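To keep things clear, I will list the structure first and then write my remarks on it.
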Amino acid sequence: MLFQLPSPVQQIFHPILEQKELQLFMKRDDLIHPLISGNKWRKLKYLLHKAKTENKTHLVSFGGAYSNHLLATAATAQYFGFKSSGMVRGEAVKNEVLDQCRLMGMELYFVDREAYRDKKSLFKAYFSQDTSAFFIDEGGASAEAIQGCEELFTELSEAYDHLFCAAGTGTTASGILNGLLKTEAKTQLQVIPVFKNGEFIRDAITRSSGNNYRLNLHLDYHFGGYGKTTNPLLQFIIDFYQHTGILLDPVYTAKMLWAIFDLAQKNYFNAGEKILTIHTGGVTGNWGKLNEFEQIDTNFTQKLKQVLTEKFS
Ligand SMILES: *Cc1c(COP(=O)(O)O)cnc(C)c1O
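Each position in the sequence shown, counted from 1, maps to that position plus 51 in my numbering.
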């Protein structure tokens with residue numbers, strides 16, 4: 052599967068948007084690649100250049116058991132002919148995402164949560180003898196990743212009043228903010244942190260540009276914390292799919308889209324405004340929620356399994 056870049060922009064139609072006279076568009080970064088989806092390709096691109104320049108042939112990175120980033124790293128390594136290793140947080144588990152990583156040649160190491168905190172030390176402990184090993188931080192967070200995410204902004208041909216993205220490390224938002232600040236556009240950046248007490252992400256997002264006057268954080272859409280979901284959130288993924296045919300991921304984009312609709316209903320936006328939301332990908336994260344979906348809607352779950360299986364085929 053080749054890369055689809057620049058990713059397409061699609062208008063989203065929904066009764067709530069119509070009622071509030073809003074135009075919502077989605078940049079479909081989820082379509083960039085089935086496994087190297089969304090911001091993960093943008094974040095890896097310049098890291099890969101750096102690895103090549105330094106003659107490093109072995110990518111080493113970090114993530115949780117359903118990590119979109121590890122999956123993307125494994126697929127990128129396979130595609131571009133690198134060796135890859137993934138350090139997985141927590142006790143040894145088996146699931147579709149990790150199996151797929153292994154199938155793409157990634158060597159997996161499970162490390163306990165305490166040791167996992169210090170990634171540089173872990174890298175040293177495991178790979179200090181391997182001169183070909185190249186360290187990639189969790190989620191790809193780096194100056195190179197910010198640079199890659201800034202390119203998303205240069206692909207836009209229209210101006211928007213609001214630009215929405217979900218935030219984990221804040222790297223993607225940081226790159227977008229850098230791009231935004233180089234233009235005359237009055238676009239407001241709207242960021243949804245997907246974990247509790249997300250205020251600290253403001254520093255991470257503005258560190259690179261030193262500027263935050265375009266940045267708005269919405270802290271109340273974490274749904275209990277990172278990776279946590281509720282039945283209404285999963286139901287929202289199903290409803291959104293039924294309305295649009297677009298699958299969201301349970302960790303990031305579902306929370307962001309929920310926030311957009313919630314803010315619309317609370318009249319956060321002015322009638323006539325144009326909103327762009329970034330589908331940062333990660334749809335394969337739904338593997339981890341199949342049992343919960345099954346409790347809500349077996350028909351949808353069947354379809355979901357089919358879509359996810361296709362991505363892995
Ligand atoms: C990793 C990821 C994010 C978070 O990106 P950051 O740059 O770490 O803020 C957002 N959405 C999806 C789908 C992701 O996989």
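Note that beta-carbon positions come from the ideal geometry of N, C-alpha and C, so glycine has one too.
Bear in mind the structure is a predicted one, so any value in this text is a computation, not a measurement.
Exposure label - residue i; buried when at least 16 CB within 10 Å
i    : result
A210 : exposed
K78  : buried
S260 : buried
S58  : buried
L341 : exposed
E361 : exposed
S364 : exposed
R93  : buried
K96  : buried
K71  : buried
G336 : buried
Within-9 Å CB hit, residue i to chain D
i    : result
E105 : Looking for chain D here will not work: only one protein chain is present.
Residue i versus residue j - alpha carbon distance
i    : j    : result
E343 : T182 : 44 Å
K306 : D300 : 9 Å
L98  : L56  : 18 Å
L121 : Q357 : 22 Å
L298 : Q180 : 43 Å
L68  : A315 : 7 Å
Q286 : T352 : 11 Å
F64  : H294 : 8 Å
Y292 : K175 : 44 Å
F178 : G132 : 19 Å
A322 : K354 : 36 Å
F320 : G276 : 26 Å
F312 : S208 : 24 Å
R258 : G226 : 11 Å
E202 : G230 : 7 Å
C200 : A224 : 8 Å
D348 : D290 : 11 Å
F219 : G339 : Before going on, a small fix: residue 219 reads as Gly here, not Phe. Spanning the two alpha carbons is a distance of roughly 18 Å.
L149 : Y117 : 7 Å
I365 : V60  : There is simply no residue 365 to check, as the chain begins at 52 and stops at 364 in what is shown.
R164 : G278 : 16 Å
Check: residue i C-beta below 8 Å from any heavy atom of ligand 1
i    : result
D254 : no
G132 : no
G249 : no
N263 : no
G221 : yes
S193 : no
D300 : yes
Y292 : no
A116 : no
T104 : no
N350 : no
A196 : yes
S88  : yes
A224 : yes
A126 : no
C152 : no
K78  : no
Y97  : no
H120 : yes
K279 : no
Beta-carbon proximity check, residue i vs residue j, cutoff 9 Å
i    : j    : result
K91  : G333 : yes
L284 : F274 : yes
N263 : L214 : no
F161 : G141 : yes
T234 : F204 : yes
A125 : G137 : yes
I252 : G89  : no
C216 : L240 : yes
L268 : V242 : yes
D30  : T238 : Past the edges of the chain, shown from 52 to 364, lies residue 30, and the structure says nothing about it.
Stretch pair the region 79-88 + the region 97-107: three plus CB contacts closer than 8 Å: Counting C-beta pairs with one atom in each stretch, the region 79-88 and the region 97-107 have fewer than three that are closer than 8 Å, which means they do not touch.
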